[in-house]
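Working notes, beginning with the structure itself.
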Amino acid sequence: MREELLKIIEKNSRIDLKELAVILGVEEIDVVNEMAAMEAEGIICGYHTLIDWEKTSIEKVSALIEVRVTPQRGQGFDRIAERIYKYPEVNAVYLISGGFDLLITLEGKSLKEVSAFVSDKLAPLDSVLSTATHFILKKYKDHGTVLTKKYEDQREKITP
Numbered sequence: 000m001r002e003e004l005l006k007i008i009e010k011n012s013r014i015d016l017k018e019l020a021v022i023l024g025v026e027e028i029d030v031v032n033e034m035a036a037m038e039a040e041g042i043i044c045g046y047h048t049l050i051d052w053e054k055t056s057i058e059k060v061s062a063l064i065e066v067r068v069t070p071q072r073g074q075g076f077d078r079i080a081e082r083i084y085k086y087p088e089v090n091a092v093y094l095i096s097g098g099f100d101l102l103i104t105l106e107g108k109s110l111k112e113v114s115a116f117v118s119d120k121l122a123p124l125d126s127v128l129s130t131a132t133h134f135i136l137k138k139y140k141d142h143g144t145v146l147t148k149k150y151e152d153q154r155e156k157i158t159p
């Protein structure tokens, strides 16, 4: 039940508990208890709302920042990652493979604000060797949800 429950609430965390119990073929109290247990175990870490900011009047700039760092003796990348994720503008920090060590996602009000974060807060950190900033120009799909309408050909069909 646990794996199926997680798959369902990952896609829709607002699903009604009664409906969830019916889908899983168990009692509602079993769903409540299982979710509480997974929250206590740290398996369920939070509940979030996905917002398409492009459809609001609120200005936001999203960026992906690749960071190359020097790992700390005995702590690897954990210490520098913790230092970075404590900044409120940082949404996520991932340890990645490839040419960079960490991938950071963050949001700001403008390109200038994001750039200032990188140059004033991130780049000066002792362990940071280099950064590469990529601004997100458009989101097509986020957290498994398609954000854009499918393109439909608006041309008139002509038949002989």
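Residue numbers (numbering that gives the first Met the number 0): 0 to 159.
Using N, Cα and C, we set each Cβ at its ideal position, and we do this for glycine too.
Let me confirm a value: residue i is counted as buried when at least 16 other C-beta atoms fall within 10 Å, else exposed. Which label applies?
i	result
Gly-107	buried
Ala-80	buried
May I have the straight-line CA-CA distance separating residue i from residue j, to the nearest angstrom?
i	j	result
Val-145	Asn-11	14 Å
Asp-29	Leu-4	11 Å
Ala-164	Lys-156	There is no way to answer for residue 164, as the model of the chain reaches only from 0 to 159.
Lys-149	Asp-125	46 Å
Thr-158	Thr-55	41 Å
Lys-6	Arg-154	40 Å
Gly-45	Ser-118	31 Å
Pro-123	Gly-73	22 Å
Comparing alpha-carbon positions, which option in the options lies nearest residue i?
i	options	result
Ile-22	Met-0, Glu-9, Val-117 and Ile-43	Met-0
Tyr-139	Asp-15, Glu-9, Glu-53 and Gly-45	Glu-53
Lys-111	Phe-134, Leu-124, Lys-17 and Gly-97	Phe-134
Ile-42	Ala-91, Ala-115, Glu-58 and Ile-8	Ile-8
Gly-165	Thr-69, Lys-6, Leu-124 and Thr-55	Limits of the chain in this structure are 0 at one end and 159 at the other, which puts residue 165 out of reach.
Glu-113	Phe-76, Asp-152 and Lys-59	Residue identity check: residue 113 is Val in the sequence provided, not Glu. Ranking the options by Cα distance to Val-113, first place goes to Lys-59.
Arg-13	Gly-24, His-47 and Glu-2	His-47
Measure the Cβ-Cβ separation of residue i and residue j and say whether it is below 8 Å.
i	j	result
Tyr-93	Leu-105	no
Leu-121	Ile-83	yes
His-142	Leu-49	yes
Asp-100	Phe-116	no
Would you call the stretch 30-45 and the stretch 80-97 in contact, with 3 or more CB pairs under 8 Å? no
Contact between the stretch 61-73 and the stretch 122-130 (3+ Cβ pairs under 8 Å): yes
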